[in-house]
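Undergrad: Chains as they are written, first to last, in the working numbering: chain A, 443 to 724; chain B, 3 to 293.
For each residue, glycine too, the CB sits at the ideal point set by N, CA and C.
Computed from a predicted structure; not experimentally measured.
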Ligand SMILES: Nc1nc2c(ncn2[C@@H]2O[C@H](COP(=O)(O)OP(=O)(O)OP(=O)(O)O)[C@@H](O)[C@H]2O)c(=O)[nH]1
Ligand SMILES: Nc1nc2c(ncn2[C@@H]2O[C@H](COP(=O)(O)OP(=O)(O)OP(=O)(O)O)[C@@H](O)[C@H]2O)c(=O)[nH]1
Ligand SMILES: [Mg+2]
Ligand SMILES: [Mg+2]
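In structure tokens:
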């Protein structure tokens, strides 16, 4: 990052501005810059390039804290089945992410079942069925308007009986402020447990990279309704930098597991802290 | 809320009847925080605050208001002024064809907005038709057809990957069916995807729409300015539809988009169902942004 040649208040203002414009939010930006000032003072740093190295370090540590080694999402424990539910607000990329993830698992030889748990939105079942076909995996589907909890129960129960390796559950987009829809999500969580007591093994909140501070409210409410195990940050191939993940990690301890980087089936990656923080400043 | 936070700053202040420069300096930080937390773009916030300062210095504090409330009133009024729709109203007639196009990023709510707008205008006695020009997303065409069936409005589809071919067919069908509102749904696309931006520019050239709506998600953060200005540079869209306002996003993107493109915010999406589309009101948006 091109910044001034001296460590002064203006440098810290410029760095704080970068954090703000990348959606870190004011609370996180202030916290990070305060830590930075403290460490720079303690170590008597006078080179602004080194200040930036310290900043990168602070931000990486926020993401690394309590999870020093990033596990490969596509090498989960060998449970039969390993159940992953995808939840989130409308239009964030849940269904597309499931298609990509299914493909990745299938390529590594896993027996995958997609459960078409969005029975509400127009052509939602058709959409996820096309992804299942592209990924070469099976799908559990119903007619539209059927209770999503019953399709999801059938899907997980069938996966247990037929010894699938991976179950990917698609759910309808929903606003976290709608109590009825969040209650529906809790019912879905309960029926998954009925079919498979240890499941869901992962509950992934799918968040659009372009989202601003509302992502925090989303994470908080979804985590309160059903325990989240991670985030999938989608549409990272745009120009948004996804700075909201720092607040979500710091305050809710929810890590990013997946990065969506396009609309094609291959466009999914494991989240990589060092790469992400580097990209943040380019 | 902002007014509570400002009141706590002014708690020990003896009212002077006028806002002093110090009153305003003390409030600036709180106003800036409130707007950034609401996702207003940081550059827009800078300009906005400079304007507030000009207007606030020496302003008379009304007897019924505390200095904090007075400052909030100035901020509120300025937000309203900036987001004023200037009476934008889509002109649709019973005896000619009005063509509109929906554009925007992936997942913003374009397809749903097509159906909502079609249903809204059919209630006004207009004869709408929708056109499925998203040839990429799995089941996108089916999605528009399902919505069309739900509201009993015809949907034009063609078995081709060329959106201009679909558009030509739609125009023919619209004229022969005496349609008076033709609504083009397009694929979600990135502002930095040159080929996709060229596609929608080509579609505009062939269709010559009367209105292009930029459909934006109300939860968009700082990136709203970059996205909106790129779409505006390429298409000079006419108005904005802000979706998913039934959530709790503060919606600062609304101010950012208006500030950087000058185009009016026309409609607001307030839910997933067909009736969930309302006319935009600047005063409601201003209150929401201020939390
Ligand atoms: N550029 C880009 N687009 C994406 C990405 N992930 C998803 N999309 C697009 O985002 C749009 C919405 O994706 P969906 O998978 O339908 O999103 P969803 O969360 O399932 O939506 P609902 O079920 O309606 O809530 C589609 O146009 C996708 O192609 C990504 O990583 N990059
Ligand atoms: N809660 C809520 N959901 C909405 C609103 N408008 C659209 N949606 C939902 O948002 C999701 C995406 O809507 P679409 O109409 O498919 O979005 P799109 O822009 O056409 O998506 P792409 O074609 O993939 O770019 C769907 O789940 C819609 O039901 C709204 O105002 N409120
Ligand atoms: Mg979906
Ligand atoms: Mg669409």
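1. Can you give me the C-alpha to C-alpha distance between residue 249/B and residue 488/A, rounded to a whole angstrom?
2. Would the beta-carbon of residue 631/A fall within 9 Å of that of residue 558/A?
3. Residue 2/B: buried (16+ other C-beta within 10 angstroms of its C-beta) or exposed?
4. Per the contact definition of three or more C-beta pairs closer than 8 Å, is the stretch 229 to 237 of chain B in contact with the stretch 199 to 209 of chain B?
5. List the whole-angstrom C-beta distance separating residue 674/A from residue 700/A, where the pair is believed to meet the contact cut-off of C-beta under 8 Å.
6. For ligand 4, is there any heavy atom lying closer than 8 Å to the beta carbon of residue 112/B?
7. Of the residues 51/B, 223/B, 39/B, 174/B, which one's Cα is nearest the Cα of residue 649/A?
8. In chain order, what residues of the same chain lie with their CB nearer than 8 Å to the CB of residue 232/B, ignoring the 5 residues before and after it?
9. For the stretch 570 to 597 of chain A, which residues have a beta carbon sitting closer than 7 Å to at least one beta carbon of chain B?
10. Throw me the rounded Cβ distance for the residue 548/A and residue 578/A pair, which I believe falls under 8 Å.
11. Just checking residue 139/B against ligand 4 - is the residue's beta carbon closer than 8 Å to any of the ligand's heavy atoms?
12. Thinking just about the alpha-carbon of each residue, which of 665/A, 698/A, 654/A, 685/A is nearest to the one in residue 672/A?
13. For residue 222/B, write down the residues that DSSP places opposite it in a beta bridge.
14. Tell me whether the beta-carbon of residue 664/A lies closer than 9 Å to the beta-carbon of residue 627/A.
15. So with Cβ pairs under 9 Å, would you call residue 81/B a contact of chain A?
16. Are the beta-carbon atoms belonging to residue 29/B and residue 82/B less than 9 Å from one another?
17. Helix, strand or coil for residue 139/B per DSSP?
18. Just mark residue 616/A as buried or exposed, buried being the case when its beta carbon has 16 or more other beta carbons within 10 Å.
19. Under a CB-based cut-off of 9 Å, is residue 452/A close to chain B?
20. Mapping DSSP to helix, strand and coil, what is residue 536/A?
21. Got a sec: which bits of the stretch 69 to 93 of chain B sit with their beta carbon under 9 Å from any beta carbon on chain A, in order along the chain?
22. Looking only at its chain, what residues have a beta carbon closer than 8 Å to the beta carbon of residue 479/A, apart from the 5 residues adjacent to it on each side?
23. Along chain B, in chain order, which residues have C-beta atoms closer than 7 Å to that of residue 557/A?
24. Does ligand 2 have even one heavy atom less than 8 Å from the beta-carbon of residue 217/B?
25. Is the Cβ of residue 656/A closer than 9 Å to any Cβ of chain B?
26. So, for residue 68/B: in the same chain, excluding its five sequence neighbours on each side, which residues have a beta-carbon less than 6 Å away from its beta-carbon?
27. When you compare the CB of residue 140/B with every CB in chain A, is at least one pair closer than 9 Å?
28. Can you name, in chain order, every residue of its own chain whose Cβ lies under 6 Å from the Cβ of residue 186/B, other than the five neighbours on each side?
29. Whole angstroms are fine: how far does the CA of residue 241/B sit from the CA of residue 108/B?
30. Tell me whether residue 604/A counts as near ligand 5, meaning its Cβ is closer than 8 Å to at least one heavy atom of that ligand.
31. With residue 101/B as the anchor, note down where its beta strand (DSSP E) starts and where it stops.
32. Between residue 46/B and residue 598/A, what straight-line distance do the alpha-carbon atoms span, to the nearest angstrom?
33. Considering only C-alpha positions, which residue in the set 451/A, 634/A, 538/A, 624/A is nearest to residue 708/A?
34. Give a yes or no on whether the C-beta atoms belonging to residue 505/A and residue 691/A are separated by under 9 Å.
35. Decide if residue 717/A is buried, meaning its Cβ has at least 16 other Cβ atoms within 10 Å, or exposed.
36. Kindly list the residues whose CB is nearer than 7 Å to the CB of residue 75/B, restricted to its own chain and excluding five residues on each side of it in sequence; keep chain order.
TA: Straight from the coordinates:
1. One-based indexing of the second chain puts residue 249/B at position 247. One-based indexing of the first chain puts residue 488/A at position 46. So the two alpha carbons sit approximately 46 Å from each other.
2. Here residue 631/A refers to the residue found at position 189 of the first chain. Here residue 558/A refers to the residue found at position 116 of the first chain. No.
3. Residue numbering for chain B in the displayed model covers 3 to 293; residue 2/B lies beyond these limits and cannot be assessed.
4. yes
5. Taking the first residue of the first chain as position 1, residue 674/A is located at position 232. Taking the first residue of the first chain as position 1, residue 700/A is located at position 258. Indeed, because the Cβ distance is near 4 Å, the residues count as touching under 8 Å.
6. Taking the second chain and counting its residues from 1, the one referred to as residue 112/B is at position 110. Flag set: Cβ of residue 112/B near ligand 4.
7. The count along the first chain starts at 1 and reaches residue 649/A at position 207. Checked all of 51/B, 223/B, 39/B, 174/B; the closest Cα to residue 649/A is 223/B.
8. Taking the first residue of the second chain as position 1, residue 232/B is located at position 230. Answer for residue 232/B: 193, 194, 199, listed in chain order.
9. 572, 573
10. As a position in the first chain, residue 548/A is number 106, starting the count at 1. As a position in the first chain, residue 578/A is number 136, starting the count at 1. With 8 Å as the limit, residue 548/A and residue 578/A qualify as a contact, their Cβ atoms being about 5 Å apart.
11. Here residue 139/B corresponds to residue number 137 of the second chain, with the count starting at 1. Yes, ligand 4 has a heavy atom inside 8 Å of this Cβ.
12. In the first chain, residue 672/A corresponds to position 230, counting from 1. That would be 698/A, whose Cα lies nearest to the Cα of residue 672/A.
13. By one-based count along the second chain, residue 222/B stands at place 220. Beta bridge pairing from DSSP links residue 222/B with 653/A.
14. Counting from 1 along the first chain, the entry for residue 664/A is found at position 222. Counting from 1 along the first chain, the entry for residue 627/A is found at position 185. Yes. Within cutoff.
15. Here residue 81/B corresponds to residue number 79 of the second chain, with the count starting at 1. Output row for residue 81/B: interface = no.
16. On the second chain, residue 29/B is found 27 positions in, with the first residue counted as 1. On the second chain, residue 82/B is found 80 positions in, with the first residue counted as 1. Result no, Cβ atoms of residue 29/B and residue 82/B do not sit closer than 9 Å.
17. Taking the second chain and counting its residues from 1, one reaches residue 139/B at position 137. Note: residue 139/B maps to coil in three-state DSSP.
18. Numbered from its first residue, the first chain carries residue 616/A at position 174. Flag for residue 616/A reads buried.
19. Looking up residue 452/A in the first chain gives position 10. By this cut-off, residue 452/A is not an interface position.
20. Numbered from its first residue, the first chain carries residue 536/A at position 94. Reduced to three states, the DSSP call for residue 536/A is helix.
21. none
22. Start at 1 with the first residue of the first chain, and residue 479/A comes out as number 37. Sequence-distant Cβ neighbours of residue 479/A in its own chain, meaning closer than 8 Å and more than five residues away, are 454.
23. As a working mapping, residue 557/A is identified with position 115 in the first chain. None at all; the shortest Cβ gap to chain B is about 17 Å.
24. Here residue 217/B refers to the residue found at position 215 when the second chain is read from its first residue. Yes, ligand 2 has a heavy atom inside 8 Å of this Cβ.
25. Here residue 656/A corresponds to residue number 214 of the first chain, with the count starting at 1. Yes - at least one Cβ of chain B is within 9 Å of the one on residue 656/A.
26. Counted from its first residue, the second chain places residue 68/B at position 66. Correct list, in chain order: 9.
27. Here residue 140/B is taken as the residue at index 138 of the second chain, counted from 1. Closer than 9 Å to some Cβ of chain A, the Cβ of residue 140/B qualifies, so yes.
28. As a first step, residue 186/B is located in the second chain; it is residue number 184 there, counting from the start. Once the five neighbours on either side are set aside, the close Cβ partners of residue 186/B are 103, 133, 135.
29. To locate residue 108/B, count along the second chain from 1; it is residue 106. To locate residue 241/B, count along the second chain from 1; it is residue 239. The straight-line gap from Cα to Cα measures roughly 18 Å.
30. Ligand 5 is not part of the structure shown, which contains ligand 1, ligand 2, ligand 3 and ligand 4 as its ligands.
31. For the purposes of this step, residue 101/B is identified with residue 99 of the second chain, where counting begins at 1. Start and end: 100 to 105.
32. As a working note, residue 46/B is residue 44 in the second chain. As a working note, residue 598/A is residue 156 in the first chain. Going from the Cα of residue 46/B to the Cα of residue 598/A covers about 49 Å.
33. Start at 1 with the first residue of the first chain, and residue 708/A comes out as number 266. Taking only the C-alpha atoms, the option nearest residue 708/A is 538/A.
34. As a first step, residue 505/A must be located in the first chain, where it is residue number 63. As a first step, residue 691/A must be located in the first chain, where it is residue number 249. Yes, Cβ-Cβ distance for residue 505/A and residue 691/A is below 9 Å.
35. Translated into positions along the first chain, residue 717/A becomes position 275. That one is exposed.
36. In the second chain, counting from the first residue as 1, residue 75/B sits at position 73. Cβ within range, chain order: 67.
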